[in-house]
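Chain order of the listed sequences is A and B. Take the first sequence: its letters are residues 34 to 232, numbered as in my numbering. Take the second sequence: its letters are residues 34 to 232, numbered as in my numbering. Cβ atoms here follow ideal geometry from the backbone N, Cα and C, with glycine treated the same way. This report concerns only the one structure given below.
Number of protein chains: 2
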Amino acid sequence: MESTDKPTTPPPKSDEAPPPPPPAIRRVNCFVVDVALRVLLFAATLVAVVVMVTSKETEFVPVPPTGAMMRRTAKFNHSPAFIYFVTALSVACLYSIITTLASFSTILKPAFSKKFLLHFAFWDVLIFGVVASALGTAGGVAYIGYKGNSHVGWTKVCPNYDKFCDYIISSLAMSLLASIVLVLLIFLSIFSLYKRARD
Amino acid sequence: MESTDKPTTPPPKSDEAPPPPPPAIRRVNCFVVDVALRVLLFAATLVAVVVMVTSKETEFVPVPPTGAMMRRTAKFNHSPAFIYFVTALSVACLYSIITTLASFSTILKPAFSKKFLLHFAFWDVLIFGVVASALGTAGGVAYIGYKGNSHVGWTKVCPNYDKFCDYIISSLAMSLLASIVLVLLIFLSIFSLYKRARD
Chain A
34 MESTDKPTTP
44 PPKSDEAPPP
54 PPPAIRRVNC
64 FVVDVALRVL
74 LFAATLVAVV
84 VMVTSKETEF
94 VPVPPTGAMM
104 RRTAKFNHSP
114 AFIYFVTALS
124 VACLYSIITT
134 LASFSTILKP
144 AFSKKFLLHF
154 AFWDVLIFGV
164 VASALGTAGG
174 VAYIGYKGNS
184 HVGWTKVCPN
194 YDKFCDYIIS
204 SLAMSLLASI
214 VLVLLIFLSI
224 FSLYKRARD
Chain B
34 MESTDKPTTP
44 PPKSDEAPPP
54 PPPAIRRVNC
64 FVVDVALRVL
74 LFAATLVAVV
84 VMVTSKETEF
94 VPVPPTGAMM
104 RRTAKFNHSP
114 AFIYFVTALS
124 VACLYSIITT
134 LASFSTILKP
144 AFSKKFLLHF
154 AFWDVLIFGV
164 VASALGTAGG
174 VAYIGYKGNS
184 HVGWTKVCPN
194 YDKFCDYIIS
204 SLAMSLLASI
214 VLVLLIFLSI
224 FSLYKRARD
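Below, the structure written as structure tokens:
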């Protein structure tokens, strides 16, 4: 964050190192990174939701117990796990829009930045929990669809619906990215509070 | 936290309110709550792992496609989701032991408390992500076992293995408690850092 400001500071007149940027500029820089990460969170959650919702595929598949070929459709809303995933990621997407605006307002009015950091950290942790559990839920069900489970007789789904499974995997990858971004946002808030506690 | 110290402070000589406890005592109190929560985290994760691992049940069940009754055993390690759950909760259990000792050492040596708060908050967030995703994964698979999925022909497991399912639900409840404790621990660290940034 600080390195981006160094070219704008005046060159030192003597052999001394250039003075560090004032705390106000550092705080604004912290919120610029915050806004950028929140925009990335918005993009990741939006793509995850759109890809999951558009993952419909219709194929001729053998239907037990007769094994006759029938036209069947695979949709995300056939599984409660994927419905929970879409709900959770939609909440995270909406949250990212609200907090991007709030974070942007903090750049313009740095006076409330400390309180914002506290609230951001609290809410980011809760949303992170929701997104991580949704990723786990959808991932667990997708794994059964991919590998099946011979112990309880749950058959594979992916050999019949390869496009559907590709969409699910892409959506899960996007939600993993959203989780990583949320962890970075929490770390940023915590580290900013720590820096201010130390100053 | 402060209320526990009030009886030990000397009574006020005049009409003035009693003076607030010094920052050092408040910091120690924060770590006392921290240690208590970490002990609770240890207990919750340990119970979750033990209950999940001991959830074995053997029953006579109809085996498709003939429907003949056969002696079959349900064990947690028949599902990769439950194996991931046990691994994640075991890591959280080990983590809770290490951090309980570290937090306890901070009560004895409060000089490093700010650095400890930072590290605790970082690691608590990561462990929270692991526990939340494990809870989601195991919960998603347990839900299929409980309700089945008619769209893909995945049959219910719980009508045949009721004791096994009771164990799984108890274990999931314990991991939910562990997740809540981790959220409280993260909030405690963040709020302590915020208080110090404000002081």
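Check	Outcome
For Pro143 of chain A, three-class secondary structure by DSSP	helix
Any chain B beta carbon closer than 8 Å to Thr120 of chain A	no
Runs of alpha helix (DSSP H) lying entirely within the segment 185–231 of chain A, each at least 4 residues, in chain order	195–231
Contact the segment 77–92 of chain A vs the segment 198–212 of chain A: 3+ CB pairs below 8 Å	yes
Against chain A: residues of the segment 185–201 of chain B by CB proximity under 8 Å	Val185, Gly186, Trp187, Thr188 and Val190
The segment 74–81 of chain A contacting the segment 177–190 of chain A, beta-carbon criterion three pairs below 8 Å	no
Residue of B:Ala165, B:Val163 and B:Ser136 minimising C-alpha distance to Leu151 of chain B	B:Ser136
Beta-carbon proximity of Asn182 of chain B to Ser183 of chain A, cut-off 8 Å	no
Chain-ordered neighbours of Phe220 of chain B on chain A, where CB pairs are closer than 8 Å	Phe155 and Val158
Residue closest to Val124 of chain B, alpha-carbon to alpha-carbon, out of B:Val163, B:Asp67, B:Ile219 and B:Gly178	B:Val163
Own chain residues within Cβ distance below 7 Å of Phe197 of chain B, not counting five before or after	Ser88, Glu90 and Ala107
Local Cβ density within 10 Å of Val216 of chain B, reported as buried at 16 or more and exposed below that	buried
Minimum Cβ-Cβ distance from Pro113 of chain A to chain B less than 8 Å	yes
Proximity to Tyr227 of chain A [Cα-Cα], best of B:Phe155, B:Asp195 and B:Val214	B:Phe155
Member of A:Asp199, A:Val66, A:Ile177 and A:Val158 whose CA lies at the smallest distance from the CA of Ser32 of chain A	As displayed, chain A neither begins before 34 nor continues past 232, which places residue 32 of chain A out of reach and without an answer.
Contact belief for Gly178 of chain A with Leu168 of chain B at Cβ below 8 Å, rounded distance in angstroms	About 20 Å; that fails the 8 Å criterion.
Segment limits, beta strand (DSSP E) that includes Thr91 of chain B	Glu90 to Val96
Closest by C-alpha distance to Leu74 of chain B, when choosing among B:Ala114, B:Ile219 and B:Tyr200	B:Ile219
Listed by chain order, chain B residues near Tyr176 of chain A by CB distance under 8 Å	Pro113 and Ala114
Within 8 Å, strictly: CB atoms of Thr132 of chain A and Phe153 of chain A	yes
The ligand MG heavy atom lying under 7 Å from the CB of Ile116 of chain A	Judged by which ligands are present, the structure shown has none, so any question about the ligand MG falls away.
Reference Lys148 of chain A; option with closest CA among B:Ala121, B:Ala114, B:Val119 and B:Ile223	B:Ile223
Straight-line gap, Phe109 of chain B to Thr120 of chain B (C-alpha atoms, nearest Å)	12 Å
Identity of the residue in A:Arg231, A:Phe93 and A:Ala144 nearest Tyr194 of chain A by Cα	A:Phe93
Per-residue DSSP class, three states only, for Thr120 of chain B	helix
Whether Ser166 of chain A touches Ser166 of chain B by CB criterion (8 Å)	yes
Under the three-state DSSP convention, the category Thr170 of chain A falls into	helix
Own chain, CB closer than 8 Å to Ile140 of chain B, minus 5 neighbours either side, in chain order	Val61, Phe64, Val65 and Val68
Within chain A, partners of Lys147 of chain B - CB distance below 8 Å	Tyr227, Ala230 and Arg231
Under 8 Å from the C-beta of Val216 of chain B: neighbouring residues of chain A	Val158, Leu159 and Gly162
Rounded C-alpha distance that separates Gly173 of chain B from Arg231 of chain A	43 Å
Short CB-CB distance (under 8 Å) between Thr170 of chain A and chain B	yes
Alpha-carbon spacing of Ser129 of chain A relative to Asp199 of chain A, whole angstroms	26 Å
Between the CA atoms of Ile116 of chain B and Pro40 of chain B - distance to the nearest angstrom	For Pro40 of chain B, the predicted model reports a pLDDT of 47, less than 50, meaning its position is unreliable and no value from the coordinates is stated.
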